[in-house]
Each structure stands twice: as C-alpha cells, then as structure tokens.
Amino acid sequence: MDVLDISRSVSETTAVWPGDQSVEQAWSAQIDAGASVNVGQIRMSLHTATHVDAPYHVAPDGARTNALPLDAFLGTARVIAVDPAPDQIRPRHLPETLEDGRILFKTPASRVPTDEWAEDIVSIAPDTIDALESHGVVCVGTDAPSVDPLDSTDLTTHHALRAAGIVHLEGLWFAGVSPGRYRLLALPLKIPDADAAPVRAVLRPLS
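Position 197, counted from 1, in the sequence shown is what the working numbering calls 188; the numbers after and before it change by one each time, with no gaps.
Encoded structure:
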C-alpha cells in the first residue's frame, strides 16, 4: 500500500509562528531512571506544524474543532502545484475542471525545512475561495503556515473560508509529491472547544 506522509514533524526544533509557544518535550517517567515505563509529555501551540484551523480561530462565535465535519477530511483530493510562485493563488491557477471536493496547494513552502520559518509564502486570495465554493469544494489545504499573508491582520481568506463552510489545513508538506489526484486522510485530534488541532495527513494514489 503506497502511503505518502504529507505531515510536518513535531519536535523541539520545529519552527513555530514567531512569538507562539515553542514545542517542549519532557518525560514524566523513564525506565532508565527506575520507572517501569516511559511516559512522555509535550507542550505546544495547536497551530504547530500540520494542523487544521477552526472558525473560532478568527471569530468569537465561530465553530470550534469538535464541530468540524470529519468527512471533509476524508476522500478524493487534488494536489495543485503553484510554482513558479505568484504573490497569491488566484482563480486562474485552478484547473478548468474540479471534480474533487478537496484541493491542496503545493507551493515553494514545501522546500523550506521544518526547523526553518517560511518568511515568504504564497497565500490564497479570497476570490479563489469563492471559486472553490462554487465547485463544491469542502476542504482546502496549503503547505504554507497560513492561508493569508503572514502580515495580515484582517485575515480575509480565513473569513472567506468560514463564510463558505470550507475546512482548511495549514502546514502540509508536499516534498516529493507530484501534482495529481489522491485519496486524502487528514483527521484532526479530538480536542473539544479548541481553535485548532494537530493533524496527521497522508495521501494514497488513486488506483
């Protein structure tokens, strides 16, 4: 079975949003210290590495992670390469036919190592979200750390996704993944009432 891991690793060297909680790992118990088991612990931002944003991330009345539709994270998906990179992903970068309900954008961010912060990203324009909504898309993903420009404070694309009812994944990793159609599995951790959740995302080629 071919399984392509499109998740970023989570460790103490993982780059995080500037000013956000860094990843901290420790041990509650260790066999080498005389315990009968090894028990690890971790502290990190919910927006670390590969994750899903809930609408509550940008809106006080937005849905939280426990309200996200799980079926949106499961099913056929299309990886679209946007390289050489424009300033933003626009409707003109979409194929004429979109038969899949999940669209994943591969940009130069996939070439940035996990321990380095991507200073220059390709964001997604709000009118692209409108176009995807018109095609019945239920999930959008990007390898960038945000769907909006990194210096954005109005977060128009986040709000466009919320208005469209489209879930979105950030921090994916498409190194070695060719554009094309796949089956996506990208379930968020079950963290009730949260604004985001870590995701282990994988693709399987369609036979």
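Yeah, the Cβ is synthetic: ideal placement off N, Cα and C, and Gly gets one too.
Here's the rule I'm using: 16 or more other beta-carbon atoms within 10 Å means buried, otherwise exposed. How should residue i be labelled?
i: T56; result: buried
i: R(-1); result: buried
i: R69; result: buried
i: I22; result: exposed
Could you tell me which of the options sits nearest to residue i, measuring between CA atoms?
i: L(-5); options: I182, S169, T5, D186; result: S169
i: E75; options: P51, L61, L89, A100; result: Looking at the sequence itself, residue 75 is Pro, so the reference to Glu does not match. Of the candidates P51, L61, L89, A100, the one whose C-alpha sits nearest the C-alpha of P75 is A100.
i: L37; options: L180, C130, G92, T133; result: L180
i: T41; options: S2, V113, D142, P196; result: S2
i: G156; options: F165, P77, G25, P60; result: P60
i: H150; options: L160, P117, E107, V113; result: P117
i: V113; options: R93, D106, S137; result: S137
i: A135; options: D121, F165, V158; result: F165
Based on the DSSP output, what are the partners of residue i in its beta bridges?
i: D44; result: H159, A187
i: E15; result: R34
Just to confirm the assignment, what range does the alpha helix (DSSP H) spanning residue i have?
i: I120; result: 117 to 125
What first and last residue would you give for the beta strand (DSSP E) that runs through residue i?
i: P196; result: 193 to 196
i: R34; result: 30 to 34
i: G132; result: 130 to 133
Please state if the CB of residue j and the CB of residue i are separated by a distance shorter than 8 Å.
i: R203; j: R195; result: Because residue 203 is not part of the residues shown, which for the chain are -8 to 198, the question remains open.
i: L146; j: V7; result: no
i: C130; j: R93; result: yes
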